[in-house]
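Residue numbers (the UniProt record's numbering): 1 to 406. Glycine residues also receive a C-beta, built at the ideal position from the N, C-alpha and C atoms.
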């Protein structure tokens, strides 16, 4: 039995790995992203150096903080210290801005074609200089001045069930992953439900299914196809994961890559494992459901009839996840967070927004896993019963007539 199962799995993998359609499915999004990235990089290069050059007009001691912070401010400090020379250079577009410092005020002058000058960062330094001057006027010591200018250590903390969880970047990063679970599941389901439905339709329409079932049981064909297509989906996701890591490594200095890695740097290991488990279980659930429904298909013309309701089901949880922000305690939303097929889009979001805790989140994951085992076991009987039957009735009519017939 195990040997026959391995043969069906390998045959499913081999048939799709050799097909042009599978690699178009895998590579087309990567090529699209690469083209968009290449165009964006080319436009950036054509624009040249966009780092603005600013002249600081004021006392030498006031210029020092700007010179020291120039790299962090993403701007260059001009050597021009004369106001007339600075105005002339600004008019000729050799400068991006002129910062004029006076005893109690400061003025930043730019021209229409100036590159973006970091005004907020400049204002921060000016406030620090002003505080230092006032501290000196009030006779504070250097230590007192440093303590006076020390920024407040501010962070957000969510108190929940005898434990505290730090907010900061972790909360935002985990929320992004939580939303991505629903998106990834929906996309993968739409891709691979069609694949398994077409495989069954091809075998039934060409009457190959009778030959296959003469050599192996329907149970072997059922589980072999499911495992084979699931491994294809897993390989697909691994390819994207490797491509993502390679992009981060080789383009680590890219502004866009830096922004993404910075936003995702706070993702916790526990939540990442939880998200991965939910994605895999949800994808497996949809593949099992597709195999059951696809067993009713006569030919390729009925494939869309079979996968449309499944694709719609995958979208339900994704759509409901947007309503949770506005009504997280709605009884329908709370109930759906435990329902397999939609819980993967809802419970992770409820977890990271602290509406639910880890015990309920793990309970939802456990329910989906148990549902997967039961549905897979129940599905083999449905598959064996219908895979050799042929009917001209619409798929939905067959479902209501066969699955719910007393």
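Buried versus exposed, by CB contacts within 10 Å (16 or more), residue 158: Sequence index remark: in the chain shown, residue 158 carries index 158 (1-based). Confidence at residue 158 is low in this model, with a pLDDT of 45, below 50, so the placement of that residue should be treated as unreliable; the coordinate-derived value is given next. Exposed: under 16 other Cβ atoms inside 10 Å.
Have a look at residue 305 and residue 197 and give me their C-alpha separation to the nearest angstrom. In the chain shown, residue 305 corresponds to position 305, counting from 1. In the chain shown, residue 197 corresponds to position 197, counting from 1. Cα to Cα, the separation comes out at about 10 Å.
Burial state of residue 350 (16 or more Cβ within 10 Å): One-based indexing of the chain shown puts residue 350 at position 350. Buried, since its Cβ has 16 or more Cβ neighbours within 10 Å.
Throw me the rounded Cβ distance for the residue 192 and residue 232 pair, which I believe falls under 8 Å. Locating residue 192 in the chain shown gives position 192, where the first residue counts as 1. Locating residue 232 in the chain shown gives position 232, where the first residue counts as 1. Your pair residue 192 and residue 232 checks out as a contact, with CB atoms roughly 7 Å apart and the cut at 8 Å.
By alpha-carbon positions, which one of 104, 284, 201, 253 ends up nearest to residue 62? Here residue 62 corresponds to residue number 62 of the chain shown, with the count starting at 1. Comparing Cα positions, the closest option is 104.
Spell out the partners DSSP gives residue 228 in its beta bridges. Residue numbering aside, residue 228 sits at position 228 when the chain shown is read from its first letter. In DSSP, residue 228 forms no bridge with anything.
Alpha carbon to alpha carbon, how far is residue 228 from residue 9? As a working mapping, residue 228 is identified with position 228 in the chain shown. As a working mapping, residue 9 is identified with position 9 in the chain shown. Distance between the alpha carbons of residue 228 and residue 9 is about 5 Å.
Span of the beta strand (DSSP E) holding residue 97? As a first step, residue 97 is located in the chain shown; it is residue number 97 there, counting from the start. First-last of the beta strand (DSSP E) with residue 97: 97-101.
Provide the residue(s) that pair with residue 81 in DSSP beta bridges, ordered along the chain. Working through the chain shown from its first residue, we reach residue 81 at position 81. Answer is none; residue 81 lacks a bridge partner.
Going by alpha carbons, who is nearest to residue 321 out of 182, 2, 271, 206? Taking the first residue of the chain shown as 1, we reach residue 321 at position 321. For residue 321, the nearest C-alpha among the options comes from 182.
Consult DSSP for residue 140 and reduce its assignment to one of helix, strand or coil. By 1-based counting over the chain shown, the position of residue 140 is 140. Coil.
Spatial neighbours of residue 162 within its chain, please: C-beta separation below 8 Å, excluding the five flanking residues on both sides. Against the chain shown, residue 162 aligns to sequence position 162. Its pLDDT being 43, under 50, residue 162 is placed unreliably in this model, and the value from its coordinates should be taken loosely. Beyond the five residues adjoining it in sequence on each side, residue 162 comes within less than 8 Å, by CB distance, of no other residue in the same chain.
Quick check on the DSSP output: the beta strand (DSSP E) that includes residue 53 runs from which residue to which? Along the chain shown, read from residue 1 onward, the residue named residue 53 stands at position 53. Its beta strand (DSSP E) spans residues 53-57.
State buried or exposed for residue 359, treating a residue as buried only when at least 16 other CB atoms are found within 10 Å of its CB. Translated into the one-based positions of the chain shown, residue 359 becomes position 359. Of the residues assessed, residue 359 falls on the exposed side of the cut-off, its CB having fewer than 16 other CB atoms within 10 angstroms.
Span separating the alpha-carbon of residue 92 from that of residue 111: Reading the chain shown from its first residue, position 92 is the one you call residue 92. Reading the chain shown from its first residue, position 111 is the one you call residue 111. Approximately 10 Å, taken between the alpha carbons.
What's the C-alpha gap between residue 75 and residue 42? As a working note, residue 75 is residue 75 in the chain shown. As a working note, residue 42 is residue 42 in the chain shown. C-alpha separation (whole angstroms): 22 Å.
Could you check if residue 16 is buried or exposed, using at least 16 other CB atoms within 10 Å of its CB as the buried criterion? As a position in the chain shown, residue 16 is number 16, starting the count at 1. Buried: at least 16 other Cβ atoms inside 10 Å.
Would you please state the rounded distance, in angstroms, between the beta carbons of residue 336 and residue 346? I believe it to be under 8 Å. Here the question's residue 336 lines up with position 336 in the chain shown. Here the question's residue 346 lines up with position 346 in the chain shown. Approximately 6 Å separates the beta-carbon atoms of residue 336 and residue 346; this is inside 8 Å, confirming the contact.
What are the boundary residues of the beta strand (DSSP E) that includes residue 106? Working through the chain shown from its first residue, we reach residue 106 at position 106. Segment 106-110, the beta strand (DSSP E) holding residue 106.
Cross-strand partners of residue 76 (DSSP beta bridge): Position 76 of the chain shown, counted from the start, is the residue given in the question as residue 76. According to DSSP, which records beta bridges pairwise, residue 76 is partnered with 53.
Looking only at C-alpha atoms, which of 287, 24, 29, 334 sits nearest to residue 241? Counting from one through the chain shown, the residue named residue 241 turns up at place 241. Nearest C-alpha to residue 241: 29.
Report the option in 319, 356, 316 whose CA atom is closest to the CA atom of residue 334. Position 334 of the chain shown holds residue 334. Here the closest residue by C-alpha is 356.
Hey, could you find the ends of the alpha helix (DSSP H) residue 288 is sitting in? By 1-based counting over the chain shown, the position of residue 288 is 288. Unbroken alpha helix (DSSP H) run through residue 288: 269-294.
Given 8 Å, three or more beta-carbon pairs between the segment 218-227 and the segment 379-389: yes
For residue 85, I'd like the list of residues in its chain whose CB is within less than 6 Å of its CB, leaving aside the five on either flank, ordered along the chain. As a working mapping, residue 85 is identified with position 85 in the chain shown. If we look at residue 85 and ignore the five residues flanking it on each side, it has no Cβ neighbours.
If you measure between the beta carbons of residue 433 and residue 226, is that distance less than 8 Å? Because the chain here runs from 1 to 406, residue 433 falls outside it and cannot be looked at.
Alpha carbon to alpha carbon, how far is residue 342 from residue 286? Give it in angstroms, no decimals. Locating residue 286 in the chain shown gives position 286, where the first residue counts as 1. Locating residue 342 in the chain shown gives position 342, where the first residue counts as 1. Computed Cα separation, rounded: 10 Å.
Buried or exposed for residue 168, please, with buried defined as at least 16 other CB atoms from any protein chain shown within 10 angstroms of its CB. The residue you call residue 168 lines up with position 168 of the chain shown. Per-residue confidence for residue 168 stands at a pLDDT of 49, beneath the threshold of 50, marking its modelled position as unreliable; no derived number is given.
Tell me which residue opens and which closes the alpha helix (DSSP H) that residue 301 is part of. Working through the chain shown from its first residue, we reach residue 301 at position 301. Neither: residue 301 is in no alpha helix (DSSP H) and is coded neither H nor E.
Under a three-way DSSP split, which group does residue 324 fall into? Translated into positions along the chain shown, residue 324 becomes position 324. Looking at residue 324 - three-state DSSP - the assignment turns out to be coil, as it is neither helix nor strand.
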